[in-house]
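Each step along the sequence shown adds one to the number in my numbering, with nothing skipped, and position 44 is 44.
All C-beta atoms, glycine included, are put in the ideal place defined by N, C-alpha and C.
Have a look at the structure below before the remarks.
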Amino acid sequence: MRNNILGPLLVIILGFIILFHNYVLNENILLLIIPILAFFIILLIFRRRIGLKFNNYMVRNNLFVIDHKDGKVIYGVAMKIVGKIEASTSKIDIDSEFKNFITAIARRESDFRYAVITSINKNKLGSSIIIYNICNKSELEINTQRLLHEINNLQTLASAVTPHIIFKIVQPSDMALPIPLLSTNYPFLTISEIEYESPININVIPSDYDVELGEADYKITKSKVGIRLDDIVRHIGIFGSTGSGKTNTSMVLATQLSSKGVRVLILDWHGEYAEKLRDNFMVYDASHLLRINPLSLIDLNVEDMIDIIGDVLQLTDPQRFLLYTIL
């Protein structure tokens with residue numbers, strides 16, 4: 001049971017015992033239980049301070065110091081990685097938890113360095129994490145306190161990201177590499193880099209485009225992509241999550257089409273394009289209206305146009321005459 005549940009639970013149990021002690025317990029047993037519960041409550045209240053004292057003791061007793069050069073030393077601690085799985089719980093992906101933990105460490109701003117080592121000793125697998133740094137030998141005491149602070153932050157992070165993994169400070173070996181001698185019940189094995197023996201077939205990417213949109217990154221190769229002018233007259237959709245580049249892609253497409261002589265009209269409902277495309281496009285707003293005569297776009301005489309509109313709208317003869325007068 002987790003510590004954040006134990007505290008309130010003990011208080012509730014103590015309250016029930018006090019309220020109903022006349023019915024369930026005699027006075028002697030009650031006097032025995034109350035000090036025990038009080039001890040556990042005090043222990044829970046000061047567990048963080050006790051944990052800090054314990055970490056300080058473990059760090060100072062298991063700190064490794066290696067002479068470096070120019071009066072500097074390499075100092076740090078080794079921690080074994082232990083998987084913690086409760087029998088009553090469902091399947092837990094410890095690998096994913098530890099991977100998320102390593103990712104969280106990589107994103108932190110810290111002067112300390114980390115090394116994750118998986119060792120094989122007498123057919124036993126064990127993983128450990130080493131926290132170390134380099135400092136002047138005269139500043140070792142100050143930096144030991146900084147190391148203790150780093151370990152406390154590490155364990156706080158681990159309690160949130162890896163609830164089923166425990167990091168225990170252990171005595172490092174006396175070999176050149178300060179790795180723990182003890183094996184653990186959870187080996188961390190991973191491959192962080194993949195090399196492809198043969199690249200993907202880039203011939204499947206069409207290259208007969210007229211308008212270049214950008215590059216497609218396939219991690220092992222890059223290829224320019226675009227769109228044909230013949231496809232512009234068809235329905236086109238640009239989909240993506242927020243911040244993925246939909247607006248930027250639309251602006252690139254509009255600019256490229258305009259440079260190819262294609263007439264482009266942008267309905268800028270949210271004002272995303274006006275400022276960015278002002279140098280290449282005419283911007284119309286409330287003070288600069290766009291006036292379009294739709295009749296000028298149709299190469300028909302007045303009589304033909306009246307016949308078409310009249311047939312579509314089923315106009316009567318008086319209505320057709322009125323339309324002829326207006327046109």
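Check residue i in the structure and name its three-state DSSP category.
i	result
Ala286	coil
Asn280	coil
Ser192	Confidence is the limiting factor: at Ser192 the pLDDT is only 49, short of 50, which leaves the residue's position unreliable, though a coordinate-based value still follows. In the structure shown, Ser192 sits in coil (DSSP, three-state: anything other than H, G, I, E or B).
Lys84	coil
Leu327	coil
Glu197	Reliability of the predicted coordinates at Glu197 is poor, the pLDDT of 48 falling under 50, and the value obtained from them is presented with this limitation in mind. Three-state result, Glu197: coil.
Tyr57	helix
Pro172	strand
Asp307	helix
Ile165	strand
Ile66	strand
Ala158	helix
Ile266	coil
Ile292	coil
Buried or exposed for residue i, going by 16 or more other Cβ atoms inside 10 Å?
i	result
Leu313	exposed
Gly126	buried
Leu154	buried
Ile81	buried
Tyr75	buried
Ala78	buried
Pro35	exposed
Asp265	Checking the displayed sequence, the identity of residue 265 turns out to be Leu instead of Asp. Answer is exposed; the Cβ neighbour count stays below 16.
Leu277	buried
Phe239	exposed
Leu253	buried
Ala158	buried
Phe98	buried
In its own chain, which residues sit with a C-beta less than 6 Å from the C-beta of residue i, not counting the 5 before and 5 after it?
i	result
Val283	Ala274
Ala115	Ile130
Thr302	It is Val, not Thr, that sits at residue 302 in the sequence shown. Within the same chain, Val302 has close Cβ partners Leu327.
Gln171	Asn62
Val65	Val73 and Tyr75
For the putative contact between residue i and residue j, defined by C-beta atoms under 8 Å, what is the C-beta separation to the nearest angstrom?
i	j	result
Asp208	Arg234	With 8 Å as the limit, Asp208 and Arg234 do not qualify as a contact, their Cβ atoms being about 16 Å apart.
Ser223	Glu215	7 Å
Ser128	Ile117	5 Å
Thr162	Phe101	5 Å
Leu323	Ile306	6 Å
Asn280	Thr255	6 Å
Ile344	Val262	Residue coverage of the chain in this structure runs from 1 to 327, which leaves residue 344 outside it and unanswerable.
Once you ignore the five residues that flank residue i on each side, which residues in its own chain have a CB closer than 7 Å to its CB?
i	result
Asp67	Val73
Leu290	Tyr284
Arg320	Ile306 and Gly310
Asn136	Gly71 and Lys72
Spatial neighbours of residue i within its chain, please: C-beta separation below 8 Å, excluding the five flanking residues on both sides.
i	result
Val59	Val77, Thr144, Leu147, Leu148, Ile151 and Ile169
Met251	Tyr273, Lys276 and Leu277
Worksheet entry | Minimum length 4: unbroken alpha helix (DSSP H) runs contained in the stretch 200-264 | 246-259
Worksheet item: Which runs of the beta strand (DSSP E) fall wholly inside the stretch 81-139 and span at least 3 residues, in chain order?
Response: 113-121 and 124-136
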